[in-house]
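From first to last, the protein sequence lines stand for chains A and B.
Using our numbering, you'd call the opening residue of the first sequence number 1 and step up by one each time.
Using our numbering, you'd call the opening residue of the second sequence number 1001 and step up by one each time.
To start, the structure under review is shown below, and the notes come after it.
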Amino acid sequence: MSTVGAPPPGPAAPAAAAPAAAGTARSRRGTWLLVGAGLVVAVAVAVVVAGGPRSSERLDPDNPDRDGAQALARVLDGEGVDVVVARGADELDATPVDAGTTVLLTRPDLLGRESAERLVAHAGDAQLVVAGARPGALAVLGVETGSSSLPPGFATEAACTLPDLAERLDGLRLDVDDAVGHDLPGCFAAPSLTAAGSTTGTVLSRARPGLLLLGAADLLANDRLLRADHAAIALRLLGGGDRLVWYVPSAADLGAEDGVALSALLPRWVVPALVLAVLALGALMLWRGRRLGPLATEPLPVVVRASETVHSRGRLYRRSGDRAHAAHALREATRSALARRLRVGAAPGGVPPEELVRAVARATGHGEDDVATLVGSDAPDPTTDHDLIALAAALAALEEEVRRA
Amino acid sequence: MVVTGRVPLLLLLGLVPVVLRPLPSTPWLWLLLVVAACGADALLAAPPRALEVVRGPVPGVRLGTPGRSELVVHNTTRRRLRGLVRDAWVPSAGAHDNRHPVRVAPGDRPLLRTPLLPRRRGDLRAVGVTVRSLGPLGLAGRQRTLLVPGTLRSLPPFASRRHLPSRLARLRELDGRAAVRVRGQGTEFDSLREYVRGDDVRAIDWRASSRSRHVVVRTWQPERHRRVVLVLDTSRTSAGRVGDVPRLDPAMDAALLLGALATRAGDRVDLVAGDRRVRTRLRTHGAPDLVARLQDALADLEPVLAEADWPGLVGAVAALGRQRALVVLLTPVEPTAVEAGLLPALPALTRHHRVVVASVRDPALEELVAGRGTLEEVYDAAAAARASARRERTIALLRALGVDVVDAEPDRLAPALADHYLSLKARGLL
Chain A
1 MSTVGAPPPG PAAPAAAAPA AAGTARSRRG TWLLVGAGLV VAVAVAVVVA
51 GGPRSSERLD PDNPDRDGAQ ALARVLDGEG VDVVVARGAD ELDATPVDAG
101 TTVLLTRPDL LGRESAERLV AHAGDAQLVV AGARPGALAV LGVETGSSSL
151 PPGFATEAAC TLPDLAERLD GLRLDVDDAV GHDLPGCFAA PSLTAAGSTT
201 GTVLSRARPG LLLLGAADLL ANDRLLRADH AAIALRLLGG GDRLVWYVPS
251 AADLGAEDGV ALSALLPRWV VPALVLAVLA LGALMLWRGR RLGPLATEPL
301 PVVVRASETV HSRGRLYRRS GDRAHAAHAL REATRSALAR RLRVGAAPGG
351 VPPEELVRAV ARATGHGEDD VATLVGSDAP DPTTDHDLIA LAAALAALEE
401 EVRRA
Chain B
1001 MVVTGRVPLL LLLGLVPVVL RPLPSTPWLW LLLVVAACGA DALLAAPPRA
1051 LEVVRGPVPG VRLGTPGRSE LVVHNTTRRR LRGLVRDAWV PSAGAHDNRH
1101 PVRVAPGDRP LLRTPLLPRR RGDLRAVGVT VRSLGPLGLA GRQRTLLVPG
1151 TLRSLPPFAS RRHLPSRLAR LRELDGRAAV RVRGQGTEFD SLREYVRGDD
1201 VRAIDWRASS RSRHVVVRTW QPERHRRVVL VLDTSRTSAG RVGDVPRLDP
1251 AMDAALLLGA LATRAGDRVD LVAGDRRVRT RLRTHGAPDL VARLQDALAD
1301 LEPVLAEADW PGLVGAVAAL GRQRALVVLL TPVEPTAVEA GLLPALPALT
1351 RHHRVVVASV RDPALEELVA GRGTLEEVYD AAAAARASAR RERTIALLRA
1401 LGVDVVDAEP DRLAPALADH YLSLKARGLL
């Protein structure tokens, strides 16, 4: 990997036909180096410019988007409130909370049973504000109340039934698209959709001392904060103490028992039916698995190919590379076949090779020397495998020629 | 205890109570119910142990031809038997359709017929009769395998039988019963009869004619009442597979054809088969059913992986009689086996008898010699050429000892041996 001294490739380098292959390869490598270096720089710049944590979660104190809540966090910070963001139950436990602290929870849907208990225990006598709690979150927080969605485009003034809230909020106006009312005492009373005529639903309600439920979490969002008197509501609600702990629960804190069991969603007979199906499967295996009597076995004779020894001997010749021996055997076979064919000599084994060569040359018209190098007694042995194959083919061709002649 | 396919279905029927009473205990209660029903059903089934199963005699058949086996199932119980009876045979007996659904009333004894189609030569055994007796509900039952011995004798197929008619025609020509008469060596005087036109004038017996009013000719017939001894080698060299069958099978085929031919020619045929020891010895005294007896004697012979004890076999041949005979040794010409085993024992035979060696040649050897394509084929060709040359030398050696060698490929051996026999007979060399 020596890239030292590689010339920096010009922009026209890839387009121009490279004069030499080596030059092309080097300039290509240089291009890749340049691209990689550019990427690294771009990432570094992005990290530096981005500056700190950034989130895209809804109502997150670090989210500057439309549905984030960074604006509120900055405003509270500017007003002299010490805003501490605690992500996850462990961070919350590590954050000190006292009576002058307000704890804000903006994503109650991420709260599990265990983390809710930890939150309530940790909050102690601090003011806990839960924004946008759905019935599931209310259940884990231990609040038993009816709640209902309010009509879109809900707008009203704070008419609080609780004196301490009334002095802070009375006269402020709320205007949100999406809100939930609780059947609890509080502010921003709304006509309930469920029971005709009953106006018990409140958007900001006190579930128990120290726990406020904010049914209109949207008023904290960046793009809603300037609508109506939202900013004032948020500041008076959350800026009451000198510290605000903004708790963002983490999904990692959810315990195993926090999920909904599948069994709760299924009809009750499904599990017994599955048990029954397994039993039926077992019976099926018993039925199919029982053989009608033992297997019929048969003593089989040992059968070997009659030509097995010949094959083994051929393999042996090949492994030892005994070309001379193989050539000798093939020549011998050809000689006896030719002698039989041409009726030379009394016995096939006892033909003088010279006589046979003469007879073959006469029969085929080849030169005696050519025939002698093929089947003669002192014909040369093949030196390579290729020679051996060529010799075998030539012997076969000679036999064929004599047969035709 | 066995269960049927109704049990899983009955268990699945338990879905109804499970839906009606969706409690965890319901499937188990249902299972208990089903198990109780199965147990009661099995208890009520006819006990298979109390059945009397008897197998009728199994007639032997030639290899590849259909046979059958019959079972009589006697229900000695007081319950009705319903279920399955399986008559199991070794796979090569080809017992298809051997599962018989039965319904036997108490005291009844139905006949169950199992078709057989043997695919191997020899004695093929029945391995047991399994009775599965089901209860009245058809849910469960009892099963037991009873030992009912039986053996199907699968005879050698005698495929060369088709060559017999043409060889018998040749034999009739020799015999004088056909138009052509041959006189000379190898014939013996048969009778005197009146001359008819067309007779060879050289056949006129002048001395007899002088005492008669007509011209009389002598007729001749080939010599009869000779002995043929077939010696079948079942040693390791016969175990080698040529084509799809061991060498022993074509040798048997040749023995059968020669036996059939020699019997028709009026000769007596004896058989000795063996390897390390004599396995079969058969003396026929011109019995007309010789082929059937030969087939029966050969049926159960299998090649064994042992060297042939030729002195022992030669002794067995000598024990059959001292009369001069044509001794046909059905053994492959394997150079090492022949030179080490057969050659030392041969003189004892050739001294008294005319000896023919009938050998199954392996066509694969010639194919190997012709292979020239790849290096592997060339080396194989060299090995095969060497093996062929050794075989040729061994055959030449045997011929030098006065032994005739018939060396042919499996399907040609039987007719070649028959032709050789006929030529010997025509030349009176028996």
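Where is the CB? At the ideal position from N, CA and C, for every residue including glycine.
The alpha helix (DSSP H) enclosing residue i, as first and last residue numbers
i: Thr1077/B; result: Run containing Thr1077/B: none; DSSP gives neither H nor E here.
i: Gln1295/B; result: Leu1290 to Ala1299
i: His311/A; result: Glu308 to Ser320
i: Gln70/A; result: Gln70 to Gly78
i: Asp1407/B; result: First-last for Asp1407/B: Asp1404 to Ala1408, but that is the beta strand (DSSP E), not the alpha helix (DSSP H).
i: Gly412/A; result: There is simply no residue 412/A to check, as chain A begins at 1 and stops at 405 in what is shown.
i: Pro1363/B; result: Pro1363 to Ala1370
i: Leu1033/B; result: Ser1025 to Leu1044
i: Arg1113/B; result: Run containing Arg1113/B: none in the alpha helix (DSSP H); it sits in the beta strand (DSSP E), Leu1111 to Leu1116.
i: Ser336/A; result: Arg323 to Leu342
Boundaries of the beta strand (DSSP E) in which residue i is found, first to last residue
i: Val140/A; result: Unbroken run through Val140/A is the alpha helix (DSSP H), Pro135 to Val140; no beta strand (DSSP E).
i: Leu212/A; result: Leu211 to Leu214
i: Cys187/A; result: Gly186 to Ala190
i: Leu128/A; result: Gln127 to Ala131
i: Ser1092/B; result: Careful: Ser1092/B lies outside any beta strand (DSSP E) and carries neither H nor E.
i: Gly201/A; result: Gly201 to Arg208
i: Val120/A; result: Element bounds for Val120/A: not the beta strand (DSSP E) but the alpha helix (DSSP H), Arg113 to Ala123.
i: Val1054/B; result: Leu1051 to Arg1055
i: Ser1154/B; result: Thr1151 to Leu1155
Opposing strand residues paired with residue i [DSSP bridges]
i: Asp1233/B; result: Gly1274/B
i: Tyr247/A; result: Ala86/A and Leu105/A
i: Pro1101/B; result: Leu1084/B
i: Ala155/A; result: Asp175/A
i: Val1201/B; result: Looking at the DSSP assignment, Val1201/B forms no beta bridge with any residue, so it has no partner.
i: Gln1143/B; result: Arg1132/B
i: Pro1246/B; result: Arg1241/B
i: Val1357/B; result: Leu1329/B and Val1405/B
i: Leu266/A; result: Its beta-bridge partners do not exist; DSSP assigns none.
i: Ala1126/B; result: Trp1089/B
i: Arg1227/B; result: Arg1268/B and Ala1325/B
i: Thr1280/B; result: Ala1273/B
Close Cβ partners of residue i (< 7 Å) along its chain, the five nearest in sequence each way excluded
i: Gly181/A; result: Ser147, Ser148, Leu150, Ala190, Ser192, Gly201, Thr202, Val203 and Gly215
i: Arg168/A; result: Arg236
i: Arg403/A; result: Arg341
i: Ala1418/B; result: His1163, Arg1167, Leu1257, Leu1258 and Leu1261
i: Arg1435/B; result: Chain B is shown from 1001 up to 1430; residue 1435/B falls before or after that span and cannot be answered.
i: Glu368/A; result: Val357, Arg358 and Ala361
i: Leu1147/B; result: Gly1128
i: Asp178/A; result: Pro152 and Asp218
Cβ separation of residue i and residue j, assumed to be a contact under 8 Å, to the nearest whole Å
i: Leu1368/B; j: Val310/A; result: 6 Å
i: Ala1251/B; j: Val1360/B; result: 6 Å
i: Leu1155/B; j: Asp1296/B; result: 7 Å
i: Arg1224/B; j: Gly1266/B; result: 4 Å
i: Val1272/B; j: Val1231/B; result: 5 Å
Cβ shell of residue i (< 8 Å), same chain only, five flanking positions each side left out
i: Ala69/A; result: Leu59, Asp60, Pro61, Asn63, Thr106, Leu220, Ala221 and Asn222
i: Asp387/A; result: Arg323
i: Val1018/B; result: Thr1026, Pro1027 and Trp1030
Beta-carbon proximity list for residue i, same chain, < 6 Å, skipping 5 on both sides
i: Pro11/A; result: A caution first: Pro11/A carries a pLDDT of 42, below 50, which makes its placement in the model unreliable, though a value can still be read off. Once the five neighbours on either side are set aside, Pro11/A has no close Cβ partner at all.
i: Tyr317/A; result: Ala326
i: Ala133/A; result: Pro108 and Leu213
i: Asp1199/B; result: Val1217
Is the region 1378 to 1398 of chain B close to the region 318 to 337 of chain A, with three or more CB pairs under 8 Å? yes
Would you call the region 1236 to 1247 of chain B and the region 1281 to 1288 of chain B in contact, with 3 or more CB pairs under 8 Å? no
Quick test of the definition: if touching needs 3 or more C-beta pairs under 8 Å, does the region 1108 to 1115 of chain B touch the region 1069 to 1079 of chain B? yes
Taking 8 Å as the threshold, find out whether the region 1022 to 1038 of chain B comes into contact with the region 1055 to 1064 of chain B through three or more Cβ pairs. no
Are the region 245 to 254 of chain A and the region 1002 to 1009 of chain B in contact at 8 Å, needing three or more beta carbon pairs? no
The region 1306 to 1313 of chain B contacting the region 1328 to 1341 of chain B, beta-carbon criterion three pairs below 8 Å: yes
Does the contact criterion of 3 or more C-beta pairs under 8 Å hold for the region 1216 to 1231 of chain B versus the region 1198 to 1208 of chain B? yes
Does the region 118 to 130 of chain A touch the region 280 to 298 of chain A, meaning 3 or more C-beta pairs lie closer than 8 Å? no
Take every Cβ of the region 1034 to 1050 of chain B, pair it with every Cβ of the region 1133 to 1145 of chain B, and state whether three or more of those distances are shorter than 8 Å. yes
Does the region 1348 to 1366 of chain B come into contact with the region 1389 to 1407 of chain B, if we say contact requires no fewer than three beta-carbon pairs (one atom in each stretch) closer than 8 Å? yes
Would you be able to state if there are at least three C-beta pairs under 8 Å between the region 128 to 144 of chain A and the region 267 to 283 of chain A? no
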